[in-house]
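S.K.: Numbering (this note's numbering), first residue to last: 483 to 760.
Ideal Cβ placement from N, Cα and C applies to all residues, glycine included.
Quantities reported herein were computed from a predicted structural model and do not represent experimental measurements.
1. Whole-angstrom Cβ separation of residue 562 and residue 523, contact assumed at under 8 Å?
2. Can you give me the Cβ contacts of residue 698 inside the same chain, cut-off strictly under 6 Å, excluding the 5 residues immediately before and after it?
3. For residue 584 and residue 650, I'd like the C-alpha separation in whole angstroms.
4. Assuming contact is defined by CB atoms lying nearer than 7 Å, are residue 598 and residue 573 in contact in what I supplied?
5. Does DSSP put residue 587 in a helix, a strand or coil?
6. CA-CA distance, residue 521 and residue 642?
7. List the endpoints of the continuous beta strand (DSSP E) containing residue 600.
8. Select from 733, 755, 757 the residue whose C-alpha is nearest the C-alpha of residue 570.
9. Among 692, 723, 655, 659, which residue has its Cα nearest to the Cα of residue 600?
10. Would you mind reading off the limits of the alpha helix (DSSP H) that contains residue 607?
11. Output the distance between the C-alpha atoms of residue 685 and residue 696, rounded to the nearest integer angstrom.
12. What is the DSSP secondary structure of residue 653, counted as helix, strand or coil?
13. Can you confirm whether the stretch 710 to 721 touches the stretch 543 to 555 when touching is taken to mean that 3 or more C-beta pairs between the two stretches lie within less than 8 Å?
14. Let me check understanding here. Comparing Cα to Cα, which of 718, 677, 737 lies closest to residue 690?
15. In the structure shown, what three-state DSSP assignment does residue 638 receive?
16. Using 8 Å as the Cβ pair cut-off and three pairs as the minimum, do the stretch 647 to 661 and the stretch 743 to 750 touch?
17. Which first and last residues belong to the alpha helix (DSSP H) in which residue 693 is found?
18. What first and last residue would you give for the beta strand (DSSP E) that runs through residue 618?
Right, dumping it as structure tokens:
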């Protein structure tokens, strides 16, 4: 009886060892596939292959341990690729900015402003006193505003702008940024309309850059005037600069995130090496 019992235990142990070897062998196929995907730059599929080991072979402990080390390699290569791509985008966008910036005046009151603004020389306030017009500015972060300037004998309390050309038009939503003042010469109103909350008015003007265009200041009453060729060109130029500055902000964020991820993964690798892990 004792002999039979011993043989039974030995057989069971051999089966467990055999099963364990089979599990590790099966899991290794996923590791090999993950490594091939990583080498080919297919990082998403490499991660899927590694994750499959945890799901399909939870007891393949050696393969799972190797998978953790391989996952670090995949994530590191992915972050390095992202950083290289972001660097190439930055180089291209910086050249674009260098070509655009000389067209603009930069204004910043160091005492009161942390971020300055760019505008077209033709739209400096002192060059447009007494005019009814729309001016464009963009700050260093790429936040662009249209500012409508109305001057008249009475307030119209305008809250929206409509521009039209070639039988088409675009109109802003109502803005709550109306500022009103008066002096002996009449009433002045200014309202701001931010890019992104303008219902396509800026893009519409840019599409018709260099063309005169009808603009309506819409409030309790409606006042109509013409944006000159110079005005539409100035707004289009500021729009182009805004897009380049926004791109720079996005690229910087991409570079920072990739750099942080690389540092984090490298720190994990160093810690794993110190502890004797793979």
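M.R.: The short version:
1. Here residue 562 is taken as the residue at index 80 of the chain shown, counted from 1. Here residue 523 is taken as the residue at index 41 of the chain shown, counted from 1. About 11 Å separates the two Cβ atoms, so there is no contact after all.
2. Numbered from its first residue, the chain shown carries residue 698 at position 216. Listed in chain order, the non-local C-beta contacts of residue 698 below 6 Å within the same chain comprise 644, 704, 706, local neighbours out to five positions each way being set aside.
3. In the chain shown, the residue the question calls residue 584 occupies position 102. In the chain shown, the residue the question calls residue 650 occupies position 168. Across the structure, residue 584 and residue 650 are spaced so that their CA atoms are roughly 33 Å apart.
4. Working through the chain shown from its first residue, we reach residue 598 at position 116. Working through the chain shown from its first residue, we reach residue 573 at position 91. Cβ atoms of residue 598 and residue 573: not closer than 7 Å.
5. Taking the first residue of the chain shown as position 1, residue 587 is located at position 105. Strand.
6. As a working note, residue 521 is residue 39 in the chain shown. As a working note, residue 642 is residue 160 in the chain shown. Rounded to whole angstroms, residue 521 to residue 642 spans 56 Å at the Cα level.
7. Position 118 of the chain shown, counted from the first residue, corresponds to residue 600. First-last of the beta strand (DSSP E) with residue 600: 599 to 601.
8. Counting from one through the chain shown, the residue named residue 570 turns up at place 88. Ranking 733, 755, 757 by Cα distance to residue 570 puts 733 first.
9. Within the chain shown, the letter at position 118 stands for residue 600. Nearest option by C-alpha distance: 723.
10. As a first step, residue 607 must be located in the chain shown, where it is residue number 125. Element bounds for residue 607: n/a, residue is neither H nor E.
11. Within the chain shown, residue 685 is the residue found at index 203, counting from 1. Within the chain shown, residue 696 is the residue found at index 214, counting from 1. Each residue's alpha carbon lies about 15 Å from the other.
12. Residue 653 sits at position 171 when you count from the first residue of the chain shown. It is a strand residue.
13. Output reads no: the stretch 710 to 721 does not touch the stretch 543 to 555.
14. By one-based count along the chain shown, residue 690 stands at place 208. Each of 718, 677, 737 was checked against the Cα of residue 690, and the nearest Cα belongs to 718.
15. For this step, residue 638 is matched to residue 156 along the chain shown. Of the three classes helix, strand and coil, the one that applies to residue 638 here is coil, per DSSP.
16. Remark: fewer than three beta-carbon pairs, one from each stretch, lie closer than 8 Å, so the stretch 647 to 661 and the stretch 743 to 750 are not flagged as touching.
17. As a first step, residue 693 is located in the chain shown; it is residue number 211 there, counting from the start. Residue 693 -> no alpha helix (DSSP H), and no H or E assigned at all.
18. Here residue 618 refers to the residue found at position 136 of the chain shown. Counting along the chain, the unbroken beta strand (DSSP E) around residue 618 starts and ends at 615 to 621.
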